[in-house]
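Take a look at the structure set out below.
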Amino acid sequence: MIAPHPARPAPVPRGLIAPPEHYCPIPQRLLADLHDTPIAIGLYALVARLYLIEQAPVPLSRADVQRYDPSLKTGAVKRALDRLLNRGWLIAAPTECQRKQRYTPSWGRIKGAPLPWQMGQSCLGRPRHIIRQLLDRSLLDVCMGRIIPHATQSATISRYVTTPALGLADIGSYALALAGQPRETEGLQRLGLVRAGQALPVPAEPRLLALISQRALLDDAEDVALTVGGTRRLGVGPAPEKADRSQPLFFVPPGSIGSLIGQLIGESIGSTNESAQGFTVLQRAKTHLSEHVEGITWDSWDSRNQATPPPTPSNPTTTNGGGTQEFDQKEHAHQSDSQPGTSQLPETPATWLLQSINVLPEIQFELAGMPAETVSAAIAHARAHPQVRDLAGWVVKLLRTHRDHGWQIAPPTPRAETPEDLRLAFARYAAAQEAARRAGMPEDTPWFPPEPAKLNLPGVLPHLWNDVQAALKAQLPRAEFAMIRHAALLSVEQGVATIQAPSQTVKAALENRHLSVLRDLLALFAGEQLQVRVVLNPHASSATMAAPAPEALPDMVCPTWVTAERWALLPTLLRATLAGAAFVDGAVRGRDAFCSRKLETIYRREVDDLITAAQVAEPDTLEAMLSG
């Protein structure tokens, strides 16, 4: 491609940028489909870049993506991959044993099926009607780094910078800006890649690395710097090491040196026999020096190495009646004025109060004249603020402000009784009561799932069904449980639990209202997922017809529109409610208002089933009974 003349660059239409030399194609339909998920667009660009390098399906895991872009979380990566797979923009190859999932980018769904990229065809097999956006590869290679995927191990990542300058969401936003959808992020603005919602051309690699390296000048980006590979990419090598001309120090045991100096150091410098008492100016002038001076001797072959030591002061003597003193007069006077002792503190109520909150003795001496009421008010004011950490410092500040500027220490105001404050107070009161009640009681045992039933043992099905019914009894109303409690668990075979219902009404209730609850409870107590199948008792009709109908209780007379066979199969509570009921004007009326209400609300479904069954069985007979 012929480069434009540097003096007159080729004009570029407003809103468009010159195509990059090295790019990754991004389908325009992908940007329109996933415009609300820039992370998915950036992830598609990463897979496309790796597919162009590997020329084969790319093995990539969520952990690899998170290591490549540390700003992403596991949930965001999972949602982006799932959306790309569901929309057909990525094609997942069949997984093999202990291998990562492999992905192939596609041009979208063509005639209902995803069209994958094909390296052997021109334009990677892209149809002519699909428009593409050219994404500069430098955004991935330079700003984020290069990743080398592996089929079973973690991917290898190399970067020019210590921390990625952009994220996959930034790259997706830049691709959207290329398509004319204004997207600006902080990372894109920092590198000058977008302006006023318009995408700008990506700078050359040296300039891009220079812009990234300048982030180290910011306070919030101190960890961003060029790596050794980044500096080498710019042609800058490490500084040559300076020649070390210094002589190292070495230490040898004292016995290896010999008696070079002798005992002179111990006698003249570090001697402990010298008096530590000070002298006045007059006494130092009158001090007598020892007349006996000895030369410094050491083991040497040259006699000229002997020397005369400086005069060593001896113990001072009293001259001119002056004597000796312990401290210099000026220094002693300065110390006595600036540091009063604790024994000099006046015992006042203010000092007692200040001492109770651990105020320094110097501050106690300073504030000893303050009234006790003022000190007490300052302490109460400080304790009324829970956020105060330094109680003594707060009190001293208040007292000094009151003394120097006349500021009045106001008494602490009580907290406003807002609903939130009352709710918190009541919650603390309830927690305190509960803690007092539980004092000395053993901790409650945490809930654990029940031990799964061993379905292969004989006699385990009745125990399993008893546990399920006990859980149902705690979850269902009494009337509902009374209706279905006569059901029984027949068998559990090949993942299917067969439940036998005593009547059609119970079977319909189990299938329509309680099937999911039964499935969950069976899975809880059996330890595996089971399908539930409800069957009707095959011997119910024959047994009922063969055996004589049971005699109805005196107070539970069967209505004329209900057959005796079905009446015998009804639950006791339903029969007690239906006893004495009549069919009037298309509705069932109980013997009293209470029974009528129960039939209309609780047993409405059962009553409808009874009328429907009677109409299907004997329509003429029912019509005659209702008319009679």
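Going by our numbering, the letters in the sequence shown line up with residues 166 to 793, in that order. Backbone N, C-alpha and C fix where the C-beta goes; we use that ideal spot for every residue, glycine too. Quick caveat: nothing in here was measured; it's all calculated off a predicted structure.
From Ser287, Asn251, Thr260, Cys288, residue whose alpha carbon lies closest to that of Arg274: Asn251
Reference Ala537, options Trp517, Val230, Phe530, closest by Cα: Trp517
CA-to-CA distance, Arg293 to Pro235, given in whole angstroms: 37 Å
Per-residue DSSP class, three states only, for Pro259: coil
Where Phe492 sits in the DSSP three-state scheme: Its pLDDT being 41, under 50, Phe492 is placed unreliably in this model, and the value from its coordinates should be taken loosely. In this structure, Phe492 counts as coil in the three-state DSSP scheme.
7 Å Cβ shell around Pro736 - same chain, five flanking residues per side excluded: Ala647, Met648
Whole-angstrom C-beta distance between Asp229 and Ala320, which should lie under 8 Å: 4 Å
Gly357 beta carbon less than 9 Å from that of Leu376: yes
Beta-carbon proximity of Ala361 to Pro203, cut-off 9 Å: no
C-beta contact flag for Arg264 and Val242 at 9 Å: no
Integer-rounded CB distance, given that Asn702 should sit under 8 Å from Pro667: 6 Å
C-beta contact flag for Trp559 and Ala575 at 9 Å: no
Every unbroken alpha helix (DSSP H) within the stretch 590–667, with a cutoff of 4 residues, ordered by chain: 625–640, 643–649
Check whether Ser303 and His187 have beta carbons under 9 Å apart: yes
Cβ-Cβ distance between Gln266 and Leu225 below 9 Å: yes
Outcome for Ser271 when other beta-carbon atoms lying within 10 angstroms are tallied against a minimum of 16: buried
Proximity test, His651 beta-carbon vs the ligand COA heavy atom, cut-off 8 Å: With respect to the ligand COA, the structure offers nothing, as it holds no ligand at all.
Leu815 and Thr728 closer than 9 Å at C-beta: This structure cannot speak to residue 815, because the chain is shown only from 166 to 793.
Neighbourhood of Gln529 by C-beta, 7 Å cutoff - its chain only, sequence neighbours within 5 removed: Leu510, Thr516, Leu519, Gln520
Which of helix, strand or coil DSSP assigns to Ile138: Look at the range of the chain in this structure, 166 to 793, and you will see that residue 138 is not part of it.
Cβ distance (whole Å) where Leu687 is taken to contact Leu695 below 8 Å: 5 Å
Whole-angstrom distance between Arg232 and Arg324, CA atom to CA atom: 12 Å
Endpoints, the beta strand (DSSP E) within which Tyr188 is located: 188–192
Cβ-based neighbour list, Arg770, same chain, cut-off 6 Å, excluding 5 preceding and 5 following: none
Cut-off 7 Å between Cβ atoms - residues of its own chain near Val772, not counting five sequence neighbours on either side: Val753, Leu764
One or two residues paired with Val697 in a DSSP bridge: Ala662
Assigned secondary structure, Gln354 (DSSP; H/G/I helix, E/B strand, else coil): helix
Bridge partners - Ser271, DSSP secondary structure assignment: Pro281
N-terminal and C-terminal residue of the beta strand (DSSP E) that Arg754 is part of: 752–754
Cβ-based burial, Leu300 [other Cβ within 10 Å; buried from 16]: buried
First and last residue of the uninterrupted beta strand (DSSP E) at Ala747: 747–749
Separation of Thr670 from Asp774, as counted between CA atoms: 7 Å
Contacts around Thr507, its chain only, beta-carbon distance under 6 Å, and the 5 residues preceding and following it disregarded: Because the pLDDT at Thr507 is just 47, under 50, the model does not fix this residue reliably, and the value given afterwards should be weighed accordingly. Only Pro526 meet the Cβ criterion.
Continuous alpha helix (DSSP H) stretch holding Pro302: start and end: The sequence given here places Arg at residue 302; Pro does not occur at that position. Arg302 -> no alpha helix (DSSP H), and no H or E assigned at all.
Range of the contiguous alpha helix (DSSP H) that encloses Ser338: 333–343
Residues of its chain near His651, where Cβ-Cβ distance is below 6 Å and the 5 sequence neighbours each way are ignored: Pro667
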